[in-house]
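Asks: Residue numbers (this note's numbering), protein chains in the order written: chain G, 7 to 435; chain L, 397 to 529. By construction, the Cβ of each residue, glycine as well, lies at the ideal position given by its N, Cα and C atoms. This structure is a prediction, so every number in the text was calculated from the model and none was measured. Submitted below is the structure of interest, expressed as structure tokens.
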Amino acid sequence: MTTTTATKLPPSTHQFADVIHRLEAGGAMLPDTPENLMQIIGLYKAYAVPMDFYWRDLLYIAERVFINPLPAFKYFLPQEYLDLPNHYAGDTADLRIWQKGAASAHPELLEFIENGRSTKMPKIFHHLLHDRINMEFAEACMQAMYWHRGMGGRFDPYLDTDEYKQNADRAIKAYFKGNPAMLGLYKLFPDMFIEQVRVLSYYSNLGLFWEVMAPVFFEMSDLYDEGKITSVPEAMDFLVNGIFAVAGRPIYHHVYIDGEMFEIIPKSVGFTWLYEAALPYVEAVFYRTAPFRGTKSYNAQAEQVPAEQADFHYGILYADVNPVGAAGIPPTLLMDDMYHFLPQYLLDYYEQHCRGKDDMLVQLGVSFQRSMYCVTSAVIQALRAALLYPLDDSNPEHLAKNRQFFEAQIDRFKRPEARLSDIQTQEYR
Amino acid sequence: MPNIVEIAVGNGNFTTLVAAVQAAGLVEALQSPGPFTVFAPVDAAFAALPPGTVQTLVQNPPQLARILKFHVVAGKFTQADLAKVKTVESLEGSPISINCQDAFEVKNSTVVIADIEASNGIIHVIDRVILMG
Chain G
7 MTTTTATKLP
17 PSTHQFADVI
27 HRLEAGGAML
37 PDTPENLMQI
47 IGLYKAYAVP
57 MDFYWRDLLY
67 IAERVFINPL
77 PAFKYFLPQE
87 YLDLPNHYAG
97 DTADLRIWQK
107 GAASAHPELL
117 EFIENGRSTK
127 MPKIFHHLLH
137 DRINMEFAEA
147 CMQAMYWHRG
157 MGGRFDPYLD
167 TDEYKQNADR
177 AIKAYFKGNP
187 AMLGLYKLFP
197 DMFIEQVRVL
207 SYYSNLGLFW
217 EVMAPVFFEM
227 SDLYDEGKIT
237 SVPEAMDFLV
247 NGIFAVAGRP
257 IYHHVYIDGE
267 MFEIIPKSVG
277 FTWLYEAALP
287 YVEAVFYRTA
297 PFRGTKSYNA
307 QAEQVPAEQA
317 DFHYGILYAD
327 VNPVGAAGIP
337 PTLLMDDMYH
347 FLPQYLLDYY
357 EQHCRGKDDM
367 LVQLGVSFQR
377 SMYCVTSAVI
387 QALRAALLYP
397 LDDSNPEHLA
407 KNRQFFEAQI
417 DRFKRPEARL
427 SDIQTQEYR
Chain L
397 MPNIVEIAVG
407 NGNFTTLVAA
417 VQAAGLVEAL
427 QSPGPFTVFA
437 PVDAAFAALP
447 PGTVQTLVQN
457 PPQLARILKF
467 HVVAGKFTQA
477 DLAKVKTVES
487 LEGSPISINC
497 QDAFEVKNST
507 VVIADIEASN
517 GIIHVIDRVI
527 LMG
């Protein structure tokens, strides 16, 4: 493990002291090697293409499908949402993060929607053959955020306010106007319907979150290809700057019914991308999620599942990619999605290792883990920059507070399931 | 005596803050009788934020207003008053930690000029933009 530290403090005595020193020197939890850089950037690109579908469909479901009781076609993205301009790409961008890209859906995504991995056929057949983007993965992430709730920010408490319920009520009544059966059901079970709208608000939240991340990852891939990102810390710094740049982006939930817009969560309540979407997302999806039903089973009665939700540790930072990858469960769905869009350099790389093509999904799952350790490092560094002190601060007390923060963050990776020690070497594939 | 807004406008070090307060529609509120305690970041504090940060906030006044309200406390608190407390509650609703032990620190910023009296409150000039959390 390489350690480059310029700290003025005595060495850390933490179990992961090398990682702490690396963070203090402006690095990431992931060691800075060309092999790591290649893997994480390749995975960002492979992730960004399906993500371009996820955010569009999440918003489509939140805004248009809404509380359709039989949403059989919710994964059939209409052209309007394929064309929906991304706010961070293209000429119309509020802030152009992806410099070369257009605001509409990515060309590789459009090609995949058209042909799948089989051949061109009507959308319904691609859907039934499961030759499509695995939108279920995006919904699993949304459900993790919805289920854990209460992870900071104002978004979640707002869902229990009278103001929110009134806004939802207006939209529900408008949506089922002229449908006495559903309006009758609503009268009998109002909370059930409101709860469904809360779920849809999380669809919107995650859609707006990922709308930012897709162009960020595309831009990183372009910069790497052009030789402008040459190290893991540079990649992480790009993410840190991106987090700040869009931190104030509004998080809201609008619904369109018969051409009229209903504000379930108006922009005016002041919810922001950083506090109400990004931080809860990282907590819910990277760290917590939920035990997956796969080849590995968990017995809650035998206390194999923590009593406290805050102690859940089933996110990508802890995942055992191998058994998890063997079951038909959310991370596998994402790996399958990313597999279609891997850059050639990663396809070549995986063919040289382990079982080549045969275990490429597992290999790319491990690379994805590395890439998410880099994203988590960016979040940790961004929080340090926002809430604490510069890394080169001249005041030792400030540096001590930075260290305390870093150590508290890394404490979460002391548990045996965490992959932090694994990703320190390339043998972990 | 000039009010908080008049002092900020008259001082050349707060051009970004003044523009942000205008964009967020908070001018009237900060001209009201208050009183308020304002932790006012200097221009260099905004300039130190990564590119795009201020642009996104200015494009979205409610979100900008929320960040700015985190820099304002209801009531008039001098440095001597703040030395007696560990936190104060911002208008945004989140607490702001105060440390007066060695230097005068407001969260992770340092107060560079304290106790600028205004007709409707008091201003403490800080060297960094502070954020909730």
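#1: For residue 112 of chain G and residue 228 of chain G, what's the separation of their Cα atoms in angstroms?
#2: So which residues on chain G does residue 412 of chain L lean against when the C-beta distance must stay under 9 Å?
#3: So is residue 460 of chain L in contact with chain G if we call contact Cβ pairs under 8 Å?
#4: Below 7 Å on C-beta distance, what does residue 527 of chain L contact in chain G?
#5: Give the interface partners of residue 274 of chain G over in chain L, defined as CB-CB distance under 9 Å, in chain order.
#6: Does the CB of residue 408 of chain L have a neighbour CB from chain A at under 8 Å?
#7: Where DSSP assigns a beta bridge to residue 501 of chain L, which residues make up the other side?
#8: Could you check whether the Cβ of residue 449 of chain L sits closer than 8 Å to any Cβ belonging to chain G?
#9: Residues of chain G with a CB under 7 Å from the CB of residue 403 of chain L: which are they?
#10: For the region 432-462 of chain L, which segments carrying the alpha helix (DSSP H) assignment without a break, of at least 4 residues, lie completely within its bounds, in sequence order?
#11: Residue 252 of chain G CB to nearest chain L CB: under 8 Å?
#12: For residue 159 of chain G versus residue 281 of chain G, is the C-beta spacing smaller than 8 Å?
#13: On a Cα-Cα basis, can you pick out the residue from G/132, G/181 and G/339 that is closest to residue 144 of chain G?
#14: At what residues does the beta strand (DSSP E) containing residue 378 of chain G begin and finish?
#15: Taking the alpha-carbon positions, what's the residue 419 of chain G to residue 430 of chain G distance?
#16: Just verifying my parser: in three-state terms, what is the DSSP assignment at residue 516 of chain L?
#17: Among residues of its own chain, excluding the 5 on either side of residue 334 of chain G, which ones have a beta-carbon nearer than 6 Å to its beta-carbon?
#18: Using the Cα positions of residue 417 of chain G and residue 325 of chain G, report the straight-line distance between them to the nearest angstrom.
#19: Who are the Cβ neighbours of residue 493 of chain L in its own chain at under 6 Å, not counting the five residues just before and after it?
#20: So with Cβ pairs under 8 Å, would you call residue 92 of chain G a contact of chain L?
#21: Under 6 Å Cβ to Cβ from residue 10 of chain G, same chain only, skipping five residues before and after it: list those, please.
#22: Along the chain, where does the beta strand (DSSP E) containing residue 261 of chain G start, and where does it finish?
#23: Nearest chain L C-beta to residue 397 of chain G closer than 8 Å, yes or no?
#24: Could you check what DSSP says for residue 401 of chain L in three-state terms: helix, strand or coil?
#25: Let me see if you follow: with CB-CB separation under 8 Å, is residue 452 of chain L close to chain G or not?
#26: Using the Cα positions of residue 332 of chain G and residue 444 of chain L, report the straight-line distance between them to the nearest angstrom.
#27: Tell me whether the beta-carbon of residue 360 of chain G lies closer than 8 Å to the beta-carbon of residue 369 of chain G.
#28: Would you kindly report the start and end of the unbroken alpha helix (DSSP H) that includes residue 157 of chain G?
#29: Thinking C-beta only, is residue 241 of chain G closer than 8 Å to residue 103 of chain G?
#30: Do residue 141 of chain G and residue 258 of chain G count as a contact pair if the criterion is CB distance below 8 Å?
#31: Classify residue 489 of chain L as buried or exposed, calling it buried when 16 or more other Cβ atoms lie within 10 Å of its own Cβ.
#32: The beta strand (DSSP E) that contains residue 127 of chain G, what's its start and end?
#33: Say whether chain L places a C-beta atom closer than 8 Å to the C-beta of residue 101 of chain G.
#34: So, is the C-beta of residue 281 of chain G closer than 8 Å to a C-beta in chain L?
#35: For residue 104 of chain G, list the residues DSSP reports as bridge partners.
#36: Is there a Cβ of chain L sitting closer than 8 Å to that of residue 305 of chain G, yes or no?
Replies: This is what the structure gives:
#1: Residue 112 of chain G sits at position 106 when you count from the first residue of the first sequence. Residue 228 of chain G sits at position 222 when you count from the first residue of the first sequence. Residue 112 of chain G and residue 228 of chain G: Cα-Cα distance of roughly 14 Å.
#2: For this step, residue 412 of chain L is matched to residue 16 along the second sequence. Chain G residues near residue 412 of chain L: none, gap ~14 Å exceeds 9 Å.
#3: Walking along the second sequence from the start, residue 460 of chain L turns up at place 64. For residue 460 of chain L, the answer is yes, since a Cβ of chain G falls inside 8 Å of its Cβ.
#4: Position 131 of the second sequence, counting from 1, holds the residue named residue 527 of chain L. Here the neighbours are 392 and 393.
#5: For the purposes of this step, residue 274 of chain G is taken as residue 268 along the first sequence, with counting starting at 1. Within chain L, the residues near residue 274 of chain G are 457 and 458.
#6: Note that chain A does not occur in the displayed structure, where the protein chains are G and L.
#7: To locate residue 501 of chain L, count along the second sequence from 1; it is residue 105. Answer by DSSP bridge pairing, in chain order: L/495 and L/506.
#8: The residue given as residue 449 of chain L occupies position 53 in the second sequence. Cβ-Cβ to chain G under 8 Å: yes for residue 449 of chain L.
#9: Within the second sequence, residue 403 of chain L is the residue found at index 7, counting from 1. The premise fails here: residue 403 of chain L is roughly 26 Å from chain G at the closest Cβ pair, so nothing lies under 7 Å.
#10: 439-443 and 449-455
#11: As a working mapping, residue 252 of chain G is identified with position 246 in the first sequence. Interface residue, yes.
#12: Along the first sequence, read from residue 1 onward, the residue named residue 159 of chain G stands at position 153. Along the first sequence, read from residue 1 onward, the residue named residue 281 of chain G stands at position 275. Taking 8 Å as the Cβ cut-off, residue 159 of chain G and residue 281 of chain G qualify as a contacting pair.
#13: Reading the first sequence from its first residue, position 138 is the one you call residue 144 of chain G. Measuring from the Cα of residue 144 of chain G, the nearest candidate turns out to be G/339.
#14: By 1-based counting over the first sequence, the position of residue 378 of chain G is 372. Where residue 378 of chain G is concerned, there is no enclosing beta strand (DSSP E), although the alpha helix (DSSP H) it sits in stretches over 366-393.
#15: Locating residue 419 of chain G in the first sequence gives position 413, counting from the first residue. Locating residue 430 of chain G in the first sequence gives position 424, counting from the first residue. Cα to Cα, the separation comes out at about 13 Å.
#16: Stepping through the second sequence from its first residue, residue 516 of chain L is reached at position 120. Three-state DSSP puts residue 516 of chain L in coil, outside helix and strand.
#17: Translated into the one-based positions of the first sequence, residue 334 of chain G becomes position 328. Confidence at residue 334 of chain G is low in this model, with a pLDDT of 42, below 50, so the placement of that residue should be treated as unreliable; the coordinate-derived value is given next. Here the set comprises nothing.
#18: Walking along the first sequence from the start, residue 417 of chain G turns up at place 411. Walking along the first sequence from the start, residue 325 of chain G turns up at place 319. Their Cα atoms are separated by approximately 17 Å.
#19: Counting from one through the second sequence, the residue named residue 493 of chain L turns up at place 97. These residues qualify, in order along the chain: 483 and 503.
#20: One-based indexing of the first sequence puts residue 92 of chain G at position 86. Not an interface residue.
#21: Here residue 10 of chain G refers to the residue found at position 4 of the first sequence. Summary for residue 10 of chain G: the model assigns pLDDT 44, below 50, so the residue's position carries little reliability; its value from the coordinates is reported in the next sentence. Here the set comprises 31.
#22: Looking up residue 261 of chain G in the first sequence gives position 255. Unbroken beta strand (DSSP E) run through residue 261 of chain G: 259-263.
#23: Along the first sequence, read from residue 1 onward, the residue named residue 397 of chain G stands at position 391. Judged by the 8 Å Cβ criterion, residue 397 of chain G is not in contact with chain L.
#24: The count along the second sequence starts at 1 and reaches residue 401 of chain L at position 5. DSSP places residue 401 of chain L in helix when its eight states are reduced to three.
#25: Position 56 of the second sequence holds residue 452 of chain L. Closer than 8 Å: yes.
#26: Within the first sequence, numbered from 1, the residue matching residue 332 of chain G stands at position 326. Within the second sequence, numbered from 1, the residue matching residue 444 of chain L stands at position 48. Confidence is the limiting factor: at residue 332 of chain G the pLDDT is only 46, short of 50, which leaves the residue's position unreliable, though a coordinate-based value still follows. Spanning the two alpha carbons is a distance of roughly 47 Å.
#27: As a first step, residue 360 of chain G is located in the first sequence; it is residue number 354 there, counting from the start. As a first step, residue 369 of chain G is located in the first sequence; it is residue number 363 there, counting from the start. Cβ distance < 8 Å, so residue 360 of chain G and residue 369 of chain G count as in contact.
#28: If you number the first sequence from 1, residue 157 of chain G lands on position 151. Looking at the DSSP string, residue 157 of chain G is not in any alpha helix (DSSP H), and its letter there is neither H nor E.
#29: Stepping through the first sequence from its first residue, residue 103 of chain G is reached at position 97. Stepping through the first sequence from its first residue, residue 241 of chain G is reached at position 235. Residue 241 of chain G sits away from residue 103 of chain G, with the two beta carbons spaced by 8 Å or more.
#30: Residue mapping note: residue 258 of chain G aligns to position 252 of the first sequence, counting from 1. Residue mapping note: residue 141 of chain G aligns to position 135 of the first sequence, counting from 1. Contact flag unset, no.
#31: Position 93 of the second sequence, counted from the start, is the residue given in the question as residue 489 of chain L. Under this definition residue 489 of chain L is an exposed residue.
#32: By one-based count along the first sequence, residue 127 of chain G stands at place 121. Per DSSP, residue 127 of chain G belongs to no beta strand (DSSP E) and is neither H nor E.
#33: Working through the first sequence from its first residue, we reach residue 101 of chain G at position 95. Answer yes: the Cβ-Cβ gap between residue 101 of chain G and chain L drops below 8 Å somewhere.
#34: For the purposes of this step, residue 281 of chain G is identified with residue 275 of the first sequence, where counting begins at 1. At least one chain L Cβ lies under 8 Å of residue 281 of chain G.
#35: One-based indexing of the first sequence puts residue 104 of chain G at position 98. In the DSSP output, where bridge partners are listed per residue, residue 104 of chain G has G/95.
#36: By 1-based counting over the first sequence, the position of residue 305 of chain G is 299. Cβ-Cβ to chain L under 8 Å: no for residue 305 of chain G.
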